[in-house]
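**Q**
2 protein chains.
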Amino acid sequence: MEKKATWIWYPGDFEVWLGNRFNNRRTERGSMFPPFWKQDSHWPTVVFATTVQLEQAEDIRIFCEGQYNVAIDGSLKSMLNVPAGKHRLTVKVWNQATPPALFIDSPTIKTGEGWEVTFEDKIWIDENGVAHGSGIYVPVGHASERADGCAAATLRGVAHYGCAAATPGGIAHYTFDSPDTPPSKFRLPTKPLRPVCCDSFSTSSSLYDFGRETFGFLCIHGLRGEGLLRIYYGESREEALDHDHCETLDVCPVSRASCMVPGQPTLHGSKAFRYVSIEKEGTADFDDLTMLYEYAPFAPEKSGSFRCSDDELNRIWEVSAYTLDLTTREFFCDGIKRDRWVWSGDAIQSYLMNYYLRFDTECVKRTIRQLRGKDPVTTHVNTIMDYTFYWFISIWQYYEYTGDVAFLHEMFPKMKTLMDFVLSRLNNGLAEGKADDWIFVDWTDFPMHKRGTLCFEQLLLWKSFEAMLNITSTIYQHTDNAKEKELLNDCLNRYLLFSDRLPAKIRELFYDKKEGVFLHAIENEEGEDLSSGELNRQVTKFPNMFAILYNFATTEEALSILKNVLLNPDVPPITTPYMRFYELETLCKYGLQQQVLREMKSYWGGMLREGATSFWEKYNPEEKGTEHLAMYGRPYGKSLCHAWGASPLYIIGRYFLGVGPVKPGYEEYEVRPVLGGLEWMEGDVPTPFGKIHVKMDKKSVTVHSDGGQGKLIVGEKSIDIPANEKVTFYF
Amino acid sequence: MEKKATWIWYPGDFEVWLGNRFNNRRTERGSMFPPFWKQDSHWPTVVFATTVQLEQAEDIRIFCEGQYNVAIDGSLKSMLNVPAGKHRLTVKVWNQATPPALFIDSPTIKTGEGWEVTFEDKIWIDENGVAHGSGIYVPVGHASERADGCAAATLRGVAHYGCAAATPGGIAHYTFDSPDTPPSKFRLPTKPLRPVCCDSFSTSSSLYDFGRETFGFLCIHGLRGEGLLRIYYGESREEALDHDHCETLDVCPVSRASCMVPGQPTLHGSKAFRYVSIEKEGTADFDDLTMLYEYAPFAPEKSGSFRCSDDELNRIWEVSAYTLDLTTREFFCDGIKRDRWVWSGDAIQSYLMNYYLRFDTECVKRTIRQLRGKDPVTTHVNTIMDYTFYWFISIWQYYEYTGDVAFLHEMFPKMKTLMDFVLSRLNNGLAEGKADDWIFVDWTDFPMHKRGTLCFEQLLLWKSFEAMLNITSTIYQHTDNAKEKELLNDCLNRYLLFSDRLPAKIRELFYDKKEGVFLHAIENEEGEDLSSGELNRQVTKFPNMFAILYNFATTEEALSILKNVLLNPDVPPITTPYMRFYELETLCKYGLQQQVLREMKSYWGGMLREGATSFWEKYNPEEKGTEHLAMYGRPYGKSLCHAWGASPLYIIGRYFLGVGPVKPGYEEYEVRPVLGGLEWMEGDVPTPFGKIHVKMDKKSVTVHSDGGQGKLIVGEKSIDIPANEKVTFYF
């Protein structure tokens with residue numbers, strides 16, 4: 028196959044730059060609202076380099092984002108003809124505003140894999156003008172095809188290449204494979220949608236309903252007159268009509284049209300909404316209102332799917348899929364109305380759901396890179412200690428699902444410096460929240476102490492060490508470089524020093540043998556000895572379920588926890604879908620799918636019965652009416668489309684269809700289907716090699732897979748699943 | 028005095044951003060030529076904050092470079108009225124392309140001192156929407172008036188405020204004190220100059236001579252026709268006429284005029300030249316050629332001066348002053364034709380000369396900040412190990428001349444991380460060059476080993492420790508913060524651990540007691556034990572003169588070095604003005620001004636006799652004709668206007684006029700005038716409080732000072748110099 032040229036950049040820099048654009052799009056009642064944590068920048072000057080071996084001289088044409096120079100074998104050239112033979116080609120690019128990026132598509136010389144890049148060439152020149160030295164080169168960053176080949180394929184089918192008119196401000200693309208689609212022009216594709224109905228309250232006031240939660244750019248056609256339009260967005264009808272309290276709004280002066288894309292009916296800023304309330308002031312008027320729905324492209328034929336005998340569960344799966352699609356954007360974000368930020372705790376759940384829906388590995392990698400940003404580390408990921416730990420864990424999980432060793436290689440230096448930061452803040456080997464650290468755990472409806480040394484955080488720390496150790500030894504096995512091996516070995520020994528001691532400490536401090544539960548925290552002062560702090564004996568589900576989930580608890584401990592905590596009605600319930608995710612997974616691990624199905628139907632079904640068209644940030648069945656809309660002390664503070672609300676995607680794919688990798692990238696995998704009370708079910712799980720199809724009723728289960736070495740596990744039976752053969756097992 | 032509003036930004040970020048623009052202006056025969064080392068970026072999102080106490084409510088108007096939001100006491104505001112009482116005002120700004128910057132000039136609320144800034148507000152929000160936490164705030168960066176009040180004063184007198192037409196692409200300013208002079212528009216002022224003569228070789232070919240070395244933008248008036256102008260620049264006539272080898276050139280298409288500032292006759296790119304050769308192609312023609320001379324503003328009445336009985340020395344001083352003025356730009360750079368980069372080794376000399384010429388403290392601070400860039404440290408300053416050491420030393424020297432404690436506070440965190448980098452690379456406590464480190468020392472005409480462990484580098488390391496220790500204890504004395512004191516104390520102890528052991532090691536390894544000289548190097552392999560390397564017994568002036576200069580050598584050692592090395596004709600001579608600087612200073616420290624005067628007249632006088640109008644990068648009296656122009660294997664590779672060529676400014680001010688600070692900022696100072704063979708001399712030395720005037724002949728010496736507590740030291744006599752009184756001493 029002919030090699031295809033792609034735009035290249037310094038790895039991670041595209042995400043750092045795009046992440047700033049992305050996170051800074053949040054607004055609160057018209058004010059911009061950037062994140063609270065450090066935002067980084069791309070390297071403004073980099074050197075791209077490759078070694079070419081040409082049979083004949085070749086002219087090259089340079090497409091570049093930034094000012095640049097070109098050198099062949101170290102000599103600057105203005106005529107771009109590369110002579111025959113072996114040559115070192117370097118292009119140095121400076122771009123302060125957007126990441127330096129390069130595209131060359133000549134017969135032999137093409138940018139893409141095989142190119143490397145440095146942010147410091149570290150060349151030095153002796154008395155005779157001879158250059159010595161060289162910087163640290165790493166493989167370039169570029170958009171690759173997704174592990175399932177999905178993005179490129181989809182894009183060509185669905186997305187709007189070159190449709191600048193349809194996509195405000197740019198061209199939608201993922202693959203960066205032509206001179207006129209450089210990284211700085213990256214935009215998601217859009218398609219036009221119409222409202223399903225409109226209520227006019229007066230000549231100047233009307234309410235549009237788009238039928239369900241949606242996201243994109245409002246289009247105001249035939250705008251005319253003098254005055255302004257006041258536009259109030261609502262995820263609920265109540266919000267759109269409550270002009271004093273709705274979370275997002277636009278004030279659009281008609282004559283200046285400063286909020287419109289020049290020459291288009293389209294507003295600059297994207298918003299999340301179902302309802303839009305518009306007030307006209309002065310003689311302002313317009314003919315029609317539509318929107319451009321903005322979305323991350325995917326290939327339906329390569330996606331996960333699910334149908335079963337329970338219509339409510341089918342609807343839960345579909346609304347979950349729509350919720351995840353809406354929150355899958357340039358990055359996986361939390362909620363599309365309010366935060367629109369990339370959060371590590373939310374993202375790790377999106378990744379897992381995504382492995383069972385779209386398998387968009389490029390978006391996973393973009394999000395992981397974006398969350399980490401650049402050195403120096405000055406704060407936890409998103410300022411939240413738990414979120415730093417999830418970040419480590421998510422990389423190992425990504426590897427389990429994709430088998431992508433190159434990404435481990437890419438991220439390792441940044442994992443190492445973040446782990447240095449973690450280690451530098453341990454107190455007696457334990458993770459405690461420093462004054463400026465946010466200790467999140469979960470939003471709870473009951474009081475919960477969050478300072479000092481929490482058992483929950485120690486379990487995440489322990490799992491982070493496990494991820495680091497796994498990744499370090501995986502890279503060790505995949506490198507021949509003796510110096511790198513030495514470094515990796517040093518790291519391994521260092522992390523072992525901490526991780527080895529941790530389990531005993533956790534048990535000693537927090538496990539109450541008599542009660543058979545993990546207790547909540549030591550309330551020590553920052554940096555003080557733990558013995559100075561009181562033991563907080565509160566019992567919550569959080570540390571207890573993670574002890575099971577992360578395989579920390581012994582079987583004996585786990586069974587005790589199940590009984591005394593997870594199935595104990597006296598322990599305060601979890602009220603966010605965020606932690607419901609882990610709670611349900613824990614129950615599934617112990618074969619309690621039947622209970623989980625009941626809980627999904629009650630909890631997610633409950634939201635559906637409240638009229639949800641996407642799943643919420645938080646749901647409390649006790650609340651009534653507009654109480655459901657409030658959060659953070661604001662009447663419409665709650666996000667009604669929140670990624671973590673989509674967890675049934677993962678629970679169903681992983682624990683009902685029962686599909687999961689055993690060796691990285693599904694090289695080996697298992698299928699452990701569980702009906703959990705359903706009459707029948709059928710679905711697809713996407714993998715790097717295609718799909719695994721599972722169909723089950725009470726009599727039989729059938730599996731078909733496009734690749735990999737599978738095992739169908741039913742009870743104590745294990746049946747081999749060869750690639751591309753249908754295997755049926757009858758009970 | 029009423030407080031004046033100034034633009035504010037994150038400290039150091041203006042310099043980082045401006046430094047990239049500055050360093051990337053280098054071209055080599057038309058190709059851009061950025062530096063070899065890491066270029067950093069400003070923080071793209073920062074929060075500016077201040078606490079205000081208002082007697083009555085006040086409207087504020089925000090001028091901002093970037094998108095922003097405003098909050099009062101943590102609540103976002105769209106109406107900018109600050110109510111009466113005590114309030115926390117924060118402005119969050121995002122700007123990817125240029126540093127986020129803010130200007131508010133309301134009756135009471137004005138940006139400037141008293142504002143602080145962070146790149147991570149680290150706020151976190153609890154269940155009730157209550158915000159907690161806060162990032163690390165530091166005092167904002169802003170252009171202050173120079174220690175001598177010079178820049179602001181000058182600017183108002185001389186510089187071209189608002190003269191956008193005269194200054195290509197922007198407005199010249201230093202003080203950033205109005206809404207329309209934001210940091211991103213910073214440009215040096217310019218003034219028009221005409222060539223002194225023109226040779227026409229044909230209708231299409233001519234050579235312009237501007238009479239002496241100059242710098243700026245060529246202006247081509249009345250450009251017309253079709254075709255192009257080829258413009259070849261030369262610091263020498265030979266270079267401008269050698270179209271195949273001149274270092275800089277412009278190719279200017281007439282019809283597209285892409286190299287011209289729109290609507291102006293002015294070329295985009297500034298160049299250094301005396302001669303300009305122009306070739307017209309096609310029907311291209313023009314009426315007239317002039318230039319805009321670009322310069323750093325200064326106040327002549329507040330500058331240093333020197334006159335004496337020796338006309339050649341007067342001319343040396345004047346050409347030195349012109350050389351330093353030409354190389355004093357946005358930053359102190361090395362040479363204006365070729366590198367145009369900021370180099371730490373060159374800069375530390377410019378700083379010292381500048382303390383005796385313009386006392387431009389803002390340019391010193393800008394340069395120090397620019398050189399350091401941002402964390403993480405991945406390489407030595409300019410990739411050169413010696414240059415890292417000079418960077419540390421230059422900050423202590425800056426403090427000695429200015430007494431500016433605030434700058435020590437500002438730089439300390441970055442000194443600490445750079446010192447961590449240095450310490451992490453020591454081998455057995457000694458500084459050795461790692462594979463990618465440039466070990467510069469000097470350009471020599473004799474072979475000199477530069478790998479392994481050089482005695483020269485250890486002396487610079489030792490002096491760096493001294494600077495770090497001095498600075499750490501100075502800050503310690505100026506802070507009341509117990510936590511900061513504890514950190515500083517830890518640092519002190521850490522540095523002492525290294526520095527205490529160093530002198531004995533240096534002597535043991537390198538000092539030959541029998542010969543009474545410091546030997547050159549241990550030729551060990553990187554990271555190997557020193558005993559594995561052979562002792563290189565070469566004797567050069569470099570380590571020996573620094574042992575004296577940095578007060579490392581005992582009196583006995585110093586006298587032996589003077590005799591056996593510095594005054595020994597068998598030791599190879601130094602051929603760059605760079606190291607001549609230190610050599611002459613060393614001789615002056617031992618009262619050898621008479622010999623130094625002879626050497627200045629021979630060496631710098633030699634360049635004048637060769638026709639120099641500014642001083643060169645290197646001068647070898649043995650060379651003839653165009654040999655003087657060549658360097659780095661290129662016929663015009665040598666810079667004919669190089670900052671380090673201006674060292675007589677420092678030698679004369681410090682060791683002939685004899686003026687220097689004894690306590691930081693000239694709070695106490697000494698005048699030790701030495702005629703050194705002159706009949707008479709007279710001059711001014713600028714200080715933070717004004718000037719110190721010294722006049723001396725063989726009969727008497729008279730001193731007058733605008734401030735400080737001075738001592739006139741003549742032989743063994745010491746006479747007090749009260750401020751504002753003329754003191755005369757008769758021999």
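Chain order of the listed sequences is P and V. Those letters in the first sequence? Residues 28 to 758, by our numbering. Those letters in the second sequence? Residues 28 to 758, by our numbering. Ideal Cβ placement from N, Cα and C applies to all residues, glycine included.
Can you give me the Cβ contacts of P/Gly633 inside the same chain, cut-off strictly under 7 Å, excluding the 5 residues immediately before and after it?
**A** The residue given as residue 633 of chain P occupies position 606 in the first sequence. So the list reads Tyr646 and Pro648, once near-sequence residues are dropped.
**Q** Going by DSSP, what residue range makes up the beta strand (DSSP E) through P/Gly112?
**A** On the first sequence, residue 112 of chain P is found 85 positions in, with the first residue counted as 1. From DSSP, the beta strand (DSSP E) with P/Gly112 extends over Gly112 to Trp121.
**Q** Which chain V residues are close to P/Gly660, counting only those with a beta carbon under 7 Å from its beta carbon?
**A** Within the first sequence, the letter at position 633 stands for residue 660 of chain P. Under the 7 Å cutoff, chain V gives Asn155 and Gly156.
**Q** Could you tell me whether the Cβ atoms of P/Gly243 and P/Ala670 are closer together than 9 Å?
**A** To locate residue 243 of chain P, count along the first sequence from 1; it is residue 216. To locate residue 670 of chain P, count along the first sequence from 1; it is residue 643. Result no, Cβ atoms of P/Gly243 and P/Ala670 do not sit closer than 9 Å.
**Q** If you check the beta carbons only, do V/Phe608 and V/Gln376 fall under 9 Å apart?
**A** The count along the second sequence starts at 1 and reaches residue 608 of chain V at position 581. The count along the second sequence starts at 1 and reaches residue 376 of chain V at position 349. Cβ distance < 9 Å, so V/Phe608 and V/Gln376 count as in contact.
**Q** State buried or exposed for P/Arg636, treating a residue as buried only when at least 16 other CB atoms are found within 10 Å of its CB.
**A** What you label residue 636 of chain P is simply residue 609 of the first sequence in a count that begins at 1. When all chains shown are included, P/Arg636 counts as exposed.
**Q** Measure from the alpha carbon of P/Cys279 to the alpha carbon of each residue in P/Ala124, P/Ile258, P/Val346 and P/His270, then state which is nearest.
**A** For this step, residue 279 of chain P is matched to residue 252 along the first sequence. Looking at the Cα atoms, P/Ile258 is the closest of the given residues.
**Q** Quick check on V/Thr310: buried or exposed, where buried means 16 or more other Cβ atoms within 10 Å of its Cβ?
**A** Position 283 of the second sequence, counted from the start, is the residue given in the question as residue 310 of chain V. V/Thr310 should be labelled exposed.
**Q** Flag this pair as yes or no: are the beta carbons of P/Leu481 and P/Ser500 separated by less than 9 Å?
**A** Translated into the one-based positions of the first sequence, residue 481 of chain P becomes position 454. Translated into the one-based positions of the first sequence, residue 500 of chain P becomes position 473. Going by C-beta atoms, P/Leu481 is not nearer than 9 Å to P/Ser500.
**Q** Pick out whichever of V/Leu107, V/Gly742, V/Leu103 and V/Ala750 has its Cα sitting closest to the Cα of V/Tyr757.
**A** The count along the second sequence starts at 1 and reaches residue 757 of chain V at position 730. Closest option to V/Tyr757, Cα to Cα, is V/Gly742.
**Q** Quick one, which of P/Asp337, P/Gly238, P/Gly252 and P/Pro216 has its alpha-carbon nearest P/Asp724's?
**A** Along the first sequence, read from residue 1 onward, the residue named residue 724 of chain P stands at position 697. The candidate whose alpha carbon is nearest that of P/Asp724 is P/Asp337.
**Q** Candidates V/Pro440, V/His436, V/Gly400 and V/Gly93: which alpha carbon is nearest V/Ser125's?
**A** Here residue 125 of chain V refers to the residue found at position 98 of the second sequence. In the sequence as displayed, the identity of residue 125 of chain V is Thr instead of Ser. Checked all of V/Pro440, V/His436, V/Gly400 and V/Gly93; the closest Cα to V/Thr125 is V/Gly93.
**Q** Express the C-alpha separation of V/Cys390 and V/Lys212 in angstroms, rounding to a whole number.
**A** On the second sequence, position 185 is the one that residue 212 of chain V refers to. On the second sequence, position 363 is the one that residue 390 of chain V refers to. Spanning the two alpha carbons is a distance of roughly 17 Å.
**Q** Along the beta strand (DSSP E) that carries P/Tyr617, what are the first and last residues, could you check?
**A** Against the first sequence, residue 617 of chain P aligns to sequence position 590. It is not in any beta strand (DSSP E) - P/Tyr617 carries neither H nor E in the DSSP assignment.
**Q** Check whether the segment 247-261 of chain P touches the segment 321-339 of chain P, taking contact to mean three or more Cβ pairs, one atom from each stretch, closer than 8 Å.
**A** Because the criterion of three Cβ pairs below 8 Å is not met, the segment 247-261 of chain P and the segment 321-339 of chain P do not touch.
**Q** With DSSP as the reference, label V/Leu515 as helix, strand or coil.
**A** Residue 515 of chain V sits at position 488 when you count from the first residue of the second sequence. It is helical.
**Q** Can you pull the chain P neighbours of V/Phe762, defined as C-beta to C-beta under 7 Å?
**A** Because chain V here runs from 28 to 758, residue 762 of chain V falls outside it and cannot be looked at.
**Q** Listing by chain order, which chain V residues have their CB less than 9 Å from the CB of P/Gln94?
**A** The count along the first sequence starts at 1 and reaches residue 94 of chain P at position 67. Result: Asn51, Met59 and Pro61.
**Q** Taking C-beta to C-beta, are V/Ala170 and V/Thr355 nearer than 9 Å?
**A** Numbered from 1 along the second sequence, position 143 holds the residue referred to as residue 170 of chain V. Numbered from 1 along the second sequence, position 328 holds the residue referred to as residue 355 of chain V. No, they are not a contact pair.
**Q** Have a look at P/Ala334 and P/Gly710 and give me their C-alpha separation to the nearest angstrom.
**A** For the purposes of this step, residue 334 of chain P is taken as the residue at position 307 of the first sequence. For the purposes of this step, residue 710 of chain P is taken as the residue at position 683 of the first sequence. In the sequence under discussion, the amino acid at residue 334 of chain P is Arg, which differs from the Ala named in the question. Taking the straight line joining both Cα atoms gives about 6 Å.
**Q** With a CB to CB cut of under 7 Å and the five nearest residues on each side skipped, what residues in its chain are close to P/Met495?
**A** Position 468 of the first sequence, counted from the first residue, corresponds to residue 495 of chain P. Answer for P/Met495: Phe419, Met442, Met446 and Tyr522, listed in chain order.
**Q** Per DSSP, what are the beta-bridge partners of V/Asp747 in this structure?
**A** Translated into the one-based positions of the second sequence, residue 747 of chain V becomes position 720. V/Asp747 is bridged to V/Lys738.
**Q** Thinking P/Tyr383 and P/Gly460 are a contact (beta carbons under 8 Å), I'd like their distance in whole angstroms, please.
**A** Taking the first sequence and counting its residues from 1, the one referred to as residue 383 of chain P is at position 356. Taking the first sequence and counting its residues from 1, the one referred to as residue 460 of chain P is at position 433. Not confirmed; about 33 Å, so no contact.
**Q** Does DSSP classify P/Leu628 as helix, strand or coil?
**A** Within the first sequence, the letter at position 601 stands for residue 628 of chain P. Note that residue 628 of chain P is Lys in the sequence shown here, rather than Leu. The answer is helix: DSSP assigns P/Lys628 an H, G or I state.
**Q** Would you say V/Leu103 faces chain P, with C-beta separation under 9 Å as the test?
**A** The residue you call residue 103 of chain V lines up with position 76 of the second sequence. V/Leu103 counts as touching chain P.
**Q** Below 7 Å CB to CB, which residues in the same chain sit around V/Arg342 once its five sequence neighbours on both sides are set aside?
**A** Numbered from 1 along the second sequence, position 315 holds the residue referred to as residue 342 of chain V. Answer for V/Arg342: Leu635, listed in chain order.
**Q** Identify the contact partners of P/Thr405 in chain V, using a Cβ-Cβ distance below 7 Å as the criterion.
**A** Here residue 405 of chain P corresponds to residue number 378 of the first sequence, with the count starting at 1. By Cβ distance, chain V contributes Glu147.
**Q** Using the rule of at least 16 other Cβ atoms within 10 Å of the residue's Cβ for burial, across every protein chain shown, is P/Met106 buried or exposed?
**A** For the purposes of this step, residue 106 of chain P is taken as the residue at position 79 of the first sequence. Exposed, since its Cβ has fewer than 16 Cβ neighbours within 10 Å.
**Q** Just verifying my parser: in three-state terms, what is the DSSP assignment at P/Pro219?
**A** Numbered from its first residue, the first sequence carries residue 219 of chain P at position 192. Correct three-state label for P/Pro219: strand.
**Q** So does the segment 40-57 of chain V actually touch the segment 735-755 of chain P, counting three or more Cβ pairs closer than 8 Å?
**A** At 8 Å Cβ cutoff, the stretches do not touch.
**Q** Check whether the Cβ of P/Asp431 lies closer than 9 Å to any Cβ atom in chain V.
**A** Within the first sequence, numbered from 1, the residue matching residue 431 of chain P stands at position 404. No, its Cβ sits nowhere closer than 9 Å to a Cβ of chain V.
**Q** For P/Trp368 versus P/Pro604, is the C-beta spacing smaller than 9 Å?
**A** If you number the first sequence from 1, residue 368 of chain P lands on position 341. If you number the first sequence from 1, residue 604 of chain P lands on position 577. No.
**Q** Whole angstroms are fine: how far does the CA of P/Lys726 sit from the CA of P/Lys744?
**A** What you label residue 744 of chain P is simply residue 717 of the first sequence in a count that begins at 1. What you label residue 726 of chain P is simply residue 699 of the first sequence in a count that begins at 1. Each residue's Cα considered, the two are about 15 Å apart.
**Q** Could you check which residue in P/Val144, P/Cys224, P/Ala509 and P/Ser285 has the C-alpha nearest to that of P/Gly39?
**A** On the first sequence, position 12 is the one that residue 39 of chain P refers to. Answer by Cα proximity: P/Val144.
**Q** Should V/Ser227 go down as buried or exposed, given a rule of 16 or more other Cβ atoms within 10 Å for buried?
**A** Within the second sequence, numbered from 1, the residue matching residue 227 of chain V stands at position 200. Exposed, by the Cβ-count rule.
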